[in-house]
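See below for the structure under consideration.
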Amino acid sequence: MQKQSDLLWVEKYRPKKIADVTGNDEAKALFLDWLKNKKHTKKAVLLYGPPGVGKTTLVMAAASEYNFNVIEMNASDTRSEKAINAVAKPATSYTSLDSFSGAAKKAGGNVLFLDEVDGIAGNEDRGGVNAILKIVEESLVPVIMAANDPDVEKLRPLKKVCLLVRFHQVRIPLIIALLQKICRLEGVKAEFEALERIAQNSKGDVRSAINDLQSLSEENHRLTLQDTLTLSSRNKDVSFDDTLRGFFSAQSIADTSRLLSYSNVDYDDFLLSVADNLPKRYTDAAELAKAFDFVSKADVFRGRIGTENWHLLKYFFNCLAEASAVNPASYKPFTFITPPIRVITLFWTKGKRTTLDAICGKIGAQCHVSHQIAREQYVPYIRLILQKKPKSPLAAWFKFTPEEVNFLVTMGRF
Amino acid sequence: MATSEEALMWVEKYRPKTLDEVVGLKDIVESLKAFMKNPKTMPHLLFAGVPGTGKTTLALAIAHTLYGPNWKSFTLELNASDERGIDTVRDRIKDFSRYSRTGFGGDIPFALIILDECDQMTGPAQTALRRIMEVGSRTSRFILICNQSSKIIEPIQSRCAIFRFSRVDKQAMKEHLICIAKKEGYTLVPEAADRIVDFSEGDLRHAINSLQTASAYKEGVIDEKTVALVIGEASPMLVQKMIRKALYGDFMEARKTMYDIMGNFGFSGTEIIRQIQREIFKMSDLTAEQKAELSEVIGEYDFRLTEGANTDIQLSALLAQFAKFGKSIEESYAETK
Chain A
13 MQKQSDLLWV EKYRPKKIAD VTGNDEAKAL FLDWLKNKKH TKKAVLLYGP PGVGKTTLVM
73 AAASEYNFNV IEMNASDTRS EKAINAVAKP ATSYTSLDSF SGAAKKAGGN VLFLDEVDGI
133 AGNEDRGGVN AILKIVEESL VPVIMAANDP DVEKLRPLKK VCLLVRFHQV RIPLIIALLQ
193 KICRLEGVKA EFEALERIAQ NSKGDVRSAI NDLQSLSEEN HRLTLQDTLT LSSRNKDVSF
253 DDTLRGFFSA QSIADTSRLL SYSNVDYDDF LLSVADNLPK RYTDAAELAK AFDFVSKADV
313 FRGRIGTENW HLLKYFFNCL AEASAVNPAS YKPFTFITPP IRVITLFWTK GKRTTLDAIC
373 GKIGAQCHVS HQIAREQYVP YIRLILQKKP KSPLAAWFKF TPEEVNFLVT MGRF
Chain B
15 MATSEEALMW VEKYRPKTLD EVVGLKDIVE SLKAFMKNPK TMPHLLFAGV PGTGKTTLAL
75 AIAHTLYGPN WKSFTLELNA SDERGIDTVR DRIKDFSRYS RTGFGGDIPF ALIILDECDQ
135 MTGPAQTALR RIMEVGSRTS RFILICNQSS KIIEPIQSRC AIFRFSRVDK QAMKEHLICI
195 AKKEGYTLVP EAADRIVDFS EGDLRHAINS LQTASAYKEG VIDEKTVALV IGEASPMLVQ
255 KMIRKALYGD FMEARKTMYD IMGNFGFSGT EIIRQIQREI FKMSDLTAEQ KAELSEVIGE
315 YDFRLTEGAN TDIQLSALLA QFAKFGKSIE ESYAETK
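Each protein sequence line maps, in turn, to chains A and B.
Residue numbers for the first sequence follow our numbering, so the first one is 13 and each next one is one higher.
Residue numbers for the second sequence follow our numbering, so the first one is 15 and each next one is one higher.
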């Protein structure tokens with residue numbers, strides 16, 4: 013039993029029968045059709061589609077069902093012309109003795125399976141594609157290839173000699189059903205929403221969905237939606253909102269730390285959004301003050317990090333994490349304020365700032381004061397004077413342009 | 015160019031041109047007059063004191079006295095808070111201080127360099143300045159102006175005659191305001207004058223600006239109501255509105271006001287926090303202890319502001335502290351009842 017539980021669930025539950033392979037029924041039928049048909053119109057088949065949708069699994073399941081030998085080569089092996097010839101040539105040159113003895117039902121013979129052919133590297137695997145082409149041409153046994161991206165330039169010659177079988181992302185309900193089945197077999201008590209989220213997060217990648225399920229539930233055989241919020245990390249592109257949601261609903265500092273250390277969101281944008289949304293998360297004044305204190309400290313660390321002291325990033329994260337867990341119990345879902353308030357209110361002020369600087373410069377020249385004093389003690393008053401007396405000669409005295417006058421008159425009217 | 019000849023901002027229009035016209039500041043004026051009798055004996059000067067107490071005015075009056083109407087040709091006026099880097103010191107100040115003006119400025123053998131807001135100068139710039147003051151002392155004199163002399167490095171202080179300016183006397187200020195109003199054809203009601211004096215906290219420049227603004231609201235008589243209106247519409251009031259919102263627990267509104275102040279008036283975080291500090295001390299409904307407590311909190315965030323990356327986050331955090339503080343006051347009231 014020890015051995016069993018050590019297994020990755022992906023391996024443990026890899027389907028042994030073709031029927032058990034989840035989804036992609038069309039592709040399955042097409043492939044099996046080709047496999048069963050002894051007189052191949054094309055000698056090779058190229059299975060292509062996104063990762064984790066069952067290409068390799070289908071080949072293995074077919075092998076065990078039809079009893080043929082799979083001679084496999086994948087990206088981890090070198091696949092220069094020489095290497096391919098060394099392995100694949102003998103395998104394809106002879107049809108199995110069994111196939112002549114009429115025992116073909118039990119032993120389907122050899123099949124050459126080249127996984128991840130789009131991974132054949134340009135330099136290291138020199139001549140690899142040509143070697144494959146040659147083998148396909150000369151082969152006496154079927155050649156199966158799999159690739160994620162068939163549009164790679166170097167695979168173009170291969171596509172001509174292959175039957176192309178396209179795999180799609182597995183549909184979410186199918187993945188959920190599969191996850192439910194695994195949970196049942198493993199004795200995991202899982203909330204449906206949690207499984208749904210894992211499935212959605214996987215973007216149709218069954219393998220990653222199963223891996224996620226295992227990593228999240230193996231320890232205590234329980235899985236809640238909350239657990240899955242921290243998971244976003246491992247996925248390709250977690251939305252900014254998901255990270256925010258995970259942050260604000262975190263149950264502990266550890267939760268948030270995990271979330272943040274994996275997340276790829278832009279730190280600065282994230283910090284702003286956390287600050288923006290904090291008052292919606294903590295409605296109690298004392299809690300808000302405490303949380304904001306941590307966010308303020310996080311911001312201080314962000315300032316210290318600048319552009320080079322990245323070793324301080326962990327402290328930045330720590331402070332943020334503390335802000336997320338001031339009072340986990342008070343969490344109630346809320347709608348986020350996005351985009352950052354600052355972007356909305358201050359974005360357009362850059363042009364204005366230049367105008368204001370020019371105005372302050374002119375005030376400074378006439379009244380012997382710095383920009384700062386001009387802004388604090390003159391602008392608010394001159395603005396009011398010009399609002400009350402639009403024809404005041406003051407504007408001419410300061411040599412304000414009409415735009416500057418207009419700027420002053422309209423400023424502060426919200 | 016008549017418009018540029020006569021100043022239209024009252025602060026400039028009524029800025030004393032000579033030392034004799036200066037109201038108050040008797041001791042300082044007397045000492046300066048002594049220097050003026052034999053200008054060659056005038057040392058470098060350092061004027062220190064709170065804003066609006068006449069430092070710049072005296073410096074300009076000295077320039078007038080020394081050079082007459084052509085004072086601008088012999089005076090370099092720099093605002094250190096605008097141009098405070100070492101480059102300014104090395105380039106503009108050094109060049110200006112190097113050449114003697116003998117034969118041009120009458121019998122005054124030196125040029126005058128007025129450096130306003132010196133305490134904003136960086137350390138290296140001050141150090142560079144120290145050398146220039148020594149080497150150029152035959153050809154130039156410096157008048158350094160600052161709010162806090164403690165921010166000026168010792169070697170510079172020791173090269174200067176230091177004059178400290180205290181707040182303008184309230185009564186003198188009131189009379190001065192009424193006098194200006196009269197010259198402009200307005201009647202400033204005494205209560206209104208009191209209001210301006212209180213509001214501007216001894217800052218004459220601020221007071222005169224408020225007065226001029228009030229005059230734009232109404233012809234003839236400037237009463238307390240008009241003054242209150244002006245004070246209310248000038249930006250410091252927005253800061254006060256923001257503080258009140260926060261103290262009454264409406265954090266969201268307070269923060270919105272903060273962004274308004276930043277967005278519409280172009281204030282930086284540091285400027286806002288300084289105004290917050292100022293406004294807190296003006297608030298009559300807080301006890302001295304409460305003000306001290308808040309001040310401590312403000313100080314902490316003021317410091318973080320200089321270290322942090324986002325001033326608006328630091329200000330928000332400060333407002334959150336205010337909200338918490340406001341709530342605790344409320345609760346303690348409830349308990350006593």
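Cβ coordinates follow ideal geometry from the N, Cα and C atoms, glycine included.
Residue i, DSSP secondary structure in three states
i: D281 of chain A; result: helix
i: T70 of chain B; result: helix
i: V33 of chain A; result: coil
i: R29 of chain B; result: coil
i: T79 of chain B; result: helix
i: R178 of chain A; result: strand
i: K248 of chain A; result: Low local confidence applies: a pLDDT of 48 at K248 of chain A is under 50, so the model's placement there is unreliable, with the coordinate-based value given in what follows. If DSSP states are grouped into helix, strand and coil, K248 of chain A belongs with coil.
i: G121 of chain A; result: strand
i: F412 of chain A; result: coil
i: V141 of chain A; result: helix
i: T17 of chain B; result: Any answer about T17 of chain B is weak, because its pLDDT of 38 lies below 50 and its placement is not dependable; what the coordinates show is given next. Reduced to three states, the DSSP call for T17 of chain B is helix.
i: A175 of chain B; result: strand
i: Y60 of chain A; result: strand
i: I187 of chain A; result: helix
i: T236 of chain A; result: coil
Terminal residues of the beta strand (DSSP E) in which residue i lies
i: N81 of chain A; result: F80 to M85
i: Y262 of chain B; result: No beta strand (DSSP E) holds Y262 of chain B; DSSP gives it neither H nor E.
i: D316 of chain B; result: Note, D316 of chain B: premise wrong, no beta strand (DSSP E); alpha helix (DSSP H) at A302 to E321.
i: R155 of chain B; result: S154 to C160
i: M157 of chain A; result: V155 to A159
i: R292 of chain B; result: It is not in any beta strand (DSSP E) - R292 of chain B instead sits in the alpha helix (DSSP H) that spans G283 to K296.
i: G63 of chain B; result: H58 to G63
i: N93 of chain B; result: T89 to N93
Within chain B, the residues that residue i reaches when beta carbons sit closer than 8 Å
i: R314 of chain A; result: G322, A323 and N324
i: K401 of chain A; result: A230
i: G376 of chain A; result: N93 and D96
i: L300 of chain A; result: F265, A334, A337 and K338
i: P291 of chain A; result: F265, M266, R269 and A334
Residue i - containing alpha helix (DSSP H), residue span
i: S214 of chain A; result: F204 to S214
i: G354 of chain B; result: This structure cannot speak to residue 354 of chain B, because chain B is shown only from 15 to 351.
i: V391 of chain A; result: V391 to K400
i: D41 of chain B; result: K40 to K51
i: I222 of chain B; result: L218 to Y231
Residue i: contacting residues in chain A (beta-carbon distance under 8 Å)
i: I327 of chain B; result: L283, L284, A287, V307, S308 and D311
i: N223 of chain B; result: Q389, Y390 and Y393
i: D130 of chain B; result: H380, V381 and S382
i: G216 of chain B; result: Near G216 of chain B there are no residues of chain A at all, since even the closest Cβ is about 14 Å away, more than 8 Å.
i: Q226 of chain B; result: Y393 and I397
Option nearest residue i by Cα separation, candidates the options
i: L284 of chain A; options: B:E233, B:L80 and B:D326; result: B:D326
i: I127 of chain B; options: B:E247, B:I76, B:D34 and B:L218; result: B:I76
i: M256 of chain B; options: B:T32, B:V241, B:L243 and B:M272; result: B:M272
i: W24 of chain B; options: B:H190, B:E205 and B:F317; result: B:H190
i: Q226 of chain A; options: A:C195, A:E203, A:L237 and A:L256; result: A:C195
i: E150 of chain A; options: A:L126, A:K55, A:N81 and A:A159; result: A:K55
i: Q162 of chain B; options: B:D130, B:M187, B:V182 and B:Q185; result: B:D130
i: P402 of chain A; options: B:A331, B:Y231, B:V253 and B:S309; result: B:Y231
i: H220 of chain B; options: B:V311, B:G66 and B:T55; result: B:G66
i: I228 of chain A; options: A:E198, A:T255, A:L256 and A:R257; result: Residue identity check: residue 228 of chain A is Leu in the sequence provided, not Ile. Taking only the C-alpha atoms, the option nearest L228 of chain A is A:E198.
Under 9 Å by beta carbon: chain B residues contacting residue i
i: E415 of chain A; result: Within 9 Å Cβ-Cβ: nothing; E415 of chain A doesn't reach chain B, min ~15 Å.
i: P63 of chain A; result: Within chain B, no residue comes near P63 of chain A; the closest Cβ sits about 38 Å away, beyond 9 Å.
Whole-number beta carbon distance between residue j and residue i, since they are thought to touch under 8 Å
i: V148 of chain A; j: V129 of chain A; result: About 11 Å; that fails the 8 Å criterion.
i: V4 of chain B; j: K188 of chain B; result: The structure shown has nothing for residue 4 of chain B, since chain B only spans 15 to 351.
i: T227 of chain B; j: V253 of chain B; result: About 17 Å separates the two Cβ atoms, so there is no contact after all.
i: L308 of chain B; j: F339 of chain B; result: 6 Å
Contacts that residue i makes with chain A (C-beta to C-beta distance below 7 Å)
i: A331 of chain B; result: F304, D305, V307 and S308
i: R219 of chain B; result: Q389
i: L8 of chain B; result: Any property of residue 8 of chain B remains undetermined from this structure, which presents chain B solely from 15 to 351.
Short CB-CB distance (under 8 Å) between residue i and chain C
i: R318 of chain B; result: No chain C appears in this structure, whose protein chains are A and B.
Where residue i meets chain A, residues with beta-carbon distance less than 9 Å
i: A48 of chain B; result: Residues of chain A passing the Cβ test: none, with the nearest at roughly 25 Å.
Heavy atom of the ligand FMN within 7 Å of residue i beta-carbon
i: P405 of chain A; result: Here there are no bound small molecules, and the ligand FMN is not part of this structure.
Contacts of residue i in chain B (Cβ-Cβ under 7 Å)
i: A337 of chain A; result: Result: empty, since nearest Cβ-Cβ is about 17 Å, beyond 7 Å.
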